[in-house]
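Residue numbers (my numbering): 78 to 508.
For glycine and all other residues, C-beta sits at the position ideal for the given N, C-alpha and C.
Remarks on the structure that follows.
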């Protein structure tokens with residue numbers, strides 16, 4: 078008999094009993110916090126503008142970083158963004174990192190009903206775009222260059238003719254890939270730099286044809302990697318923290334024709350925190366609840382109010398960033414004490430009361446030839462609360478994946494999921 082039918086015939090199962098609670102009201106206010114492919118607006122087409130270097134940024138400019146892993150991982154280090162704030166302390170800049178590891182100019186897969194790049198740029202009312210592409214595409218080698226030229230032209234042509242801010246076309250700075258670095262056991266530079274350079278040259282040429290600014294970071298990073306005594310990448314391609322600082326300085330110098338000032342690390346920590354909260358709003362990990370199959374039944378009151386609060390947390394950090402960079406405050410601790418309480422969610426079905434391990438064991442009828450014992454329980458190991466998966470390895474250890482964060486991290490909290498490894502070290506059948 079199917080499991081659902083069996084449960085339906087068991088009146089003792091609390092899941093088949095009603096709590097008598099009315100479903101909470103779904104306020105239409107929360108609709109604005111869902112950014113969906115099916116409903117989010119696209120920008121109108123407009124005449125493009127020319128972007129020239131050195132770049133001049135106007136007050137209240139809204140900036141987007143888009144592209145591949147180069148910018149996606151940059152959110153965790155915050156160097157270039159901090160340099161932007163420090164360069165323009167009175168400009169009240171807004172910076173959004175919309176990059177996505179693995180993206181190319183023509184292939185940007187997203188979860189079901191997740192709004193595309195155009196829709197997110199429109200939602201954020203972007204004025205200036207830093208676009209980092211070309212590295213993933215370079216693995217097509219010399220045979221892929223002409224196809225890349227066409228795809229890049231199409232991508233930039235659309236990007237430069239859309240009024241994401243609702244008024245005018247964006248300024249665009251196209252960023253070349255960084256070079257690859259030879260590191261221990263990985264000669265990435267020797268393997269890939271010739272192709273990366275060829276694709277960077279295509280980017281330069283297409284940018285010139287379309288009046289888009291081109292920023293060559295390949296040449297200088299190649300020189301940097303060749304001259305350094307310490308690896309600046311973790312694997313030949315992806316930068317370390319110090320590598321990101323050097324990259325940011327090169328990018329700043331190429332964009333503005335001036336060296337960046339010393340980075341304020343307290344400000345940078347605040348920028349990283351802002352990016353962390355925005356990432357949870359832009360790319361919540363459980364998109365099945367946010368945009369996918371459960372968005373209507375469960376996601377409305379479980380996710381959209383959280384998206385609202387993440388927006389408020391980001392705004393709080395952006396306000397604090399402006400105060401710090403302008404020298405108006407020295408306390409860089411965000412205050413989230415006034416966040417709205419999340420609404421009640423649907424609780425119309427009952428919940429079973431779980432038995433203790435001892436109570437469960439007392440219900441067993443065990444063949445006298447066997448012994449049954451508890452290997453590990455939450456009473457002895459509270460770290461294994463909320464287990465969602467477990468496996469034994471070939472050394473007899475039990476690996477338990479636990480998620481107290483499911484279905485997603487709530488605003489004001491930090492993830493506390495764990496992978497716990499349990500081992501019987503004395504042969505008594507217990508961890």
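### Message
For a quick check, are the C-beta atoms of residue 274 and residue 295 less than 8 Å apart?
### Response
The answer is yes: Cβ separation under 8 Å.
### Query
Between the Cα of residue 333 and the Cα atoms of 164, 101, 114, which residue gives the shortest distance?
The option with the nearest alpha carbon to residue 333 is 164.
### Task
Can you tell me the Cβ-Cβ gap for residue 285 and residue 249, rounded? I've got them flagged as a contact below 8 Å.
Separation of the CB atoms of residue 285 and residue 249 is rounded to 13 Å, and the pair is thereby denied contact status at 8 Å.
### Query
Taking residue 496 as the reference, which of 503, 125, 459 has the closest Cα?
Nearest in C-alpha terms to residue 496, of all of 503, 125, 459, is 459.
### Message
Would you call the stretch 436–451 in contact with the stretch 467–478, where contact means no fewer than 3 C-beta pairs closer than 8 Å?
### Response
no
### Task
Could you say which of 252, 170, 201, 118 lies nearest to residue 128 if we only look at CA atoms?
Checked all of 252, 170, 201, 118; the closest Cα to residue 128 is 252.
### Query
Tell me the DSSP bridge mates of residue 259?
264
### Task
Under 6 Å Cβ to Cβ from residue 136, same chain only, skipping five residues before and after it: list those, please.
168
### Query
Counting Cβ pairs closer than 8 Å, one from the stretch 277–293 and one from the stretch 173–185, do we hit at least three?
no
### Message
Under 8 Å, with one C-beta from each stretch per pair, do the stretch 260–267 and the stretch 205–224 reach the 3-pair mark?
### Response
no
### Query
If you draw a straight line from the alpha carbon of residue 170 to that of residue 131, how long is it in whole angstroms?
18 Å
### Message
Using 8 Å as the cut-off, can you tell me whether the stretch 143–150 makes contact with the stretch 403–412, which would need three or more C-beta pairs spanning the two stretches below that distance?
### Response
no
### Query
Looking at the unbroken alpha helix (DSSP H) that takes in residue 235, where does it start and where does it end?
222–236
### Task
Let me know the secondary structure DSSP gives residue 78 once reduced to three states.
Low confidence applies here, because residue 78 scores a pLDDT of 45, under 50, leaving its location unreliable and the question unanswered by this model.
### Task
Quick one: using the 10 Å Cβ neighbour count with 16 as the cut-off for buried, is residue 432 buried or exposed?
exposed
### Query
Do residue 421 and residue 118 have their C-beta atoms within less than 8 Å of each other?
Between residue 421 and residue 118, the CB-CB gap reaches or exceeds 8 Å.
### Query
How would you call residue 143, buried or exposed, if buried means at least 16 neighbouring beta carbons within 10 angstroms?
Note on residue 143: 16 or more other CB atoms within 10 angstroms of its CB, so buried under the neighbour-count rule.
### Message
I need the boundaries of the alpha helix (DSSP H) containing residue 358, first residue and last residue.
### Response
Secondary structure note for residue 358: its alpha helix (DSSP H) is the uninterrupted segment 342–359.
### Query
Looking at residue 484 and residue 363, is the spacing between their C-beta atoms short of 8 Å?
yes
### Per-residue DSSP class, three states only, for residue 465
strand
### Query
Which of helix, strand or coil does DSSP assign to residue 499?
strand
### Message
Going by C-alpha to C-alpha distance, which of 379, 414, 466, 424 sits closest to residue 104?
### Response
379
### Query
For residue 121, does the three-state DSSP call read helix, strand or coil?
coil
### Query
Smallest Cα separation from residue 244: which of 367, 120, 297?
120
### Message
Going by DSSP in three states, residue 371 sits in which element: helix, strand or coil?
### Response
Coil at residue 371, not helix or strand.
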